[in-house]
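Chains A and B, in that order, give the protein sequences. Everything in the first sequence is counted per my numbering, starting at 3 for the first residue and increasing by one. Everything in the second sequence is counted per my numbering, starting at 488 for the first residue and increasing by one. Glycine included, C-beta positions come from ideal geometry on N, C-alpha and C. All values derive from a computational prediction rather than experimental measurement. Here is the structure we will look at, set down as structure tokens.
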Amino acid sequence: MRVTLFDYGAGNIHSLAKALATAEGVDVRVEVDPARAVDTEVLVLPGVGAFGAAAARLAPGREVMRSALERGLPCLGICLGMQLLFDSSDEGEGQGLGYFPGRVTRLAARRVPQIGWNQVDEDSTLSGAKLDTVYYAHSFVCRAEDASVVTGWTTHEEDRFPAVVRRGRVVGVQFHPEKSSSSGVAFVRAFLREVAS
Amino acid sequence: MLTRRLIVCLDVKGGRVVKGVRFEGLRDVGDPVELALRYEQEGADEVTFLDISASNEERDTLLDLVRRTAERLFIPLTVGGGVRTADDVGRALRAGADKVSINSAAVARPEVLTECAERFGAQCVVASIDARKDGSGWRVHTHGGRKPTELEAVAWARECVARGAGEVLLTSIDQDGARSGYDLELTRAVADAVDVPVIASGGAGNAEHVREGLTRGGADAALVAGILHDGLTTVGAIKSLLRESGLPIRSTT
Numbered sequence: 003m004r005v006t007l008f009d010y011g012a013g014n015i016h017s018l019a020k021a022l023a024t025a026e027g028v029d030v031r032v033e034v035d036p037a038r039a040v041d042t043e044v045l046v047l048p049g050v051g052a053f054g055a056a057a058a059r060l061a062p063g064r065e066v067m068r069s070a071l072e073r074g075l076p077c078l079g080i081c082l083g084m085q086l087l088f089d090s091s092d093e094g095e096g097q098g099l100g101y102f103p104g105r106v107t108r109l110a111a112r113r114v115p116q117i118g119w120n121q122v123d124e125d126s127t128l129s130g131a132k133l134d135t136v137y138y139a140h141s142f143v144c145r146a147e148d149a150s151v152v153t154g155w156t157t158h159e160e161d162r163f164p165a166v167v168r169r170g171r172v173v174g175v176q177f178h179p180e181k182s183s184s185s186g187v188a189f190v191r192a193f194l195r196e197v198a199s
Numbered sequence: 488m489l490t491r492r493l494i495v496c497l498d499v500k501g502g503r504v505v506k507g508v509r510f511e512g513l514r515d516v517g518d519p520v521e522l523a524l525r526y527e528q529e530g531a532d533e534v535t536f537l538d539i540s541a542s543n544e545e546r547d548t549l550l551d552l553v554r555r556t557a558e559r560l561f562i563p564l565t566v567g568g569g570v571r572t573a574d575d576v577g578r579a580l581r582a583g584a585d586k587v588s589i590n591s592a593a594v595a596r597p598e599v600l601t602e603c604a605e606r607f608g609a610q611c612v613v614a615s616i617d618a619r620k621d622g623s624g625w626r627v628h629t630h631g632g633r634k635p636t637e638l639e640a641v642a643w644a645r646e647c648v649a650r651g652a653g654e655v656l657l658t659s660i661d662q663d664g665a666r667s668g669y670d671l672e673l674t675r676a677v678a679d680a681v682d683v684p685v686i687a688s689g690g691a692g693n694a695e696h697v698r699e700g701l702t703r704g705g706a707d708a709a710l711v712a713g714i715l716h717d718g719l720t721t722v723g724a725i726k727s728l729l730r731e732s733g734l735p736i737r738s739t740t
């Protein structure tokens, strides 16, 4: 299975690439061109950086990527990568993919960024890997307009926000599965098995 | 609810984990990659590599080490020691670090915190502060605790956060290596003063000290090193005590 990581600049993508590669028969490739990144069997949007800069890198390939997702290209968006699946963000200029309607806004909490391990409630994303306590490092969250796409929630202080969204073969997670130890890696593998295959 | 974190610190020099008292009489403790993986398996919530190298050659070794670790470690990895510029931070992140801690360089030029936060996000910028008791407050020191500065620790922590730090790693120089517990007063003062997570460091001698750092000290996370490497206690034993005390702790069983 060909899995492509869209690399939009800063940040650690090694752990994510290796987490994907733990699944059998997976060939991981890194691509900096957003239009060429969709020439794959599974697209992964990794999660480090700022929305504005990432949206700018995405812009030339935005329409191509969006229509690929609408046509059923399996995709996993992580943290900022999840936010890019939404319309727009308070963090910076530019447009996301708009695959999920909604805006990205700052966490309504005293302690921001949220850094650390937190619980996922009511997780119904995948049958082969139930989410429990996962690792977060973020200041912004996705306010999904359609609550039915939310397949897991997390609460930081008083703010309850989508931990996971899913529509069709596209899954977005606000946490970092590649930093959530063995259960996070199990989630990535289950995604490849259940959603992408 | 966010869980409290237990972070294991590994002092790294020339590609190996070393241990000594105040960086003297260093002895080899083991391979950083293997030790990091072992602590992940035991339930550590994060690993920190503190680079105590003196030369640039050794620093290059560290980046290679970070790369090899990131490929196998699936919990957050922080790298600190000798980080001067936003480009240094970028290199560490590209190599596979999730966060980078900045100490002396931030004191010398506080703008570096803002530059890093703007380029890479506040969540990966850790302000590392070494403080020593001085009268009724605490004075910030740099260069491994040897050089006193004009800065007062609580005010400096506030400024670091205002400039973009997403976390504060707070080390008591007085307590470091003493194994009689964290400086709880210092920890509490900083934890009350800033809205980002504070990591208590310096002085843990047993699991009870970790508990006190998180409860009385009000820290979000506790950094431990020597007591684990020396086998005085284990990650599991510390986390069991924390859980029994009613603290929210990530379960790994």
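Given a threshold of 16 other Cβ atoms within 10 Å of its Cβ, counted over all protein chains shown, does Glu533 of chain B qualify as buried or as exposed?
buried
Burial state of Pro62 of chain A, where buried means 16 or more other Cβ atoms lie within 10 Å
exposed
Terminal residues of the continuous alpha helix (DSSP H) containing Gln528 of chain B?
519-529
Quick check on the DSSP output: what are the complete alpha helix (DSSP H) runs of length 4 or more inside the region 527-582 of chain B, in order along the chain?
543-557, 573-582
Within this structure, are the beta carbons of Leu656 of chain B and Ser738 of chain B separated by less than 7 Å?
no
For Arg168 of chain A and Gly664 of chain B, what's the separation of their Cα atoms in angstroms?
49 Å
Reference Thr535 of chain B, options B:Ala582, B:Glu545, B:Pro563, closest by Cα:
B:Pro563
Identify, in the order they occur along the chain, each residue of the same chain with its Cβ nearer than 7 Å to the Cβ of Ala192 of chain A, setting aside the five sequence neighbours on each side.
Leu128, Gly130, Ala131
Where Cys647 of chain B sits in the DSSP three-state scheme
helix
Which value, in whole angstroms, describes the spacing of the CA atoms of Phe8 of chain A and Thr636 of chain B?
44 Å
Apart from the five residues on each side of it in sequence, which residues of its chain come closer than 7 Å, Cβ to Cβ, to Arg559 of chain B?
Val520, Leu524
Provide the residue(s) that pair with Ser90 of chain A in DSSP beta bridges, ordered along the chain.
A:Arg105
Report yes or no: do the region 708-726 of chain B and the region 689-696 of chain B share at least 3 C-beta pairs separated by less than 8 Å?
yes
Straight-line Cα distance separating Asp585 of chain B from Tyr137 of chain A:
12 Å
Report yes or no: is there a C-beta of chain B within less than 7 Å of the C-beta of Val187 of chain A?
yes
Taking Cβ to Cβ, would you say Leu99 of chain A is nearer than 7 Å to Leu87 of chain A?
yes
Determine whether the Cβ of Thr135 of chain A lies closer than 7 Å to any Cβ atom of chain B.
yes
Helix, strand or coil: which one does DSSP assign to Arg633 of chain B?
coil
Are the CB atoms of Lys506 of chain B and Val499 of chain B within a distance shorter than 7 Å?
no
What does Ser90 of chain A touch in chain B if you count any residue whose Cβ is under 7 Å from its own?
By Cβ distance, chain B contributes nothing, its closest Cβ being about 18 Å from Ser90 of chain A, past 7 Å.
Ignore the nearest five residues each way along the sequence and tell me which others in Glu124 of chain A's own chain have a CB closer than 7 Å to its CB.
Gly154, Trp155
To the nearest angstrom, how far is the alpha carbon of Ala165 of chain A from that of Val46 of chain A?
17 Å
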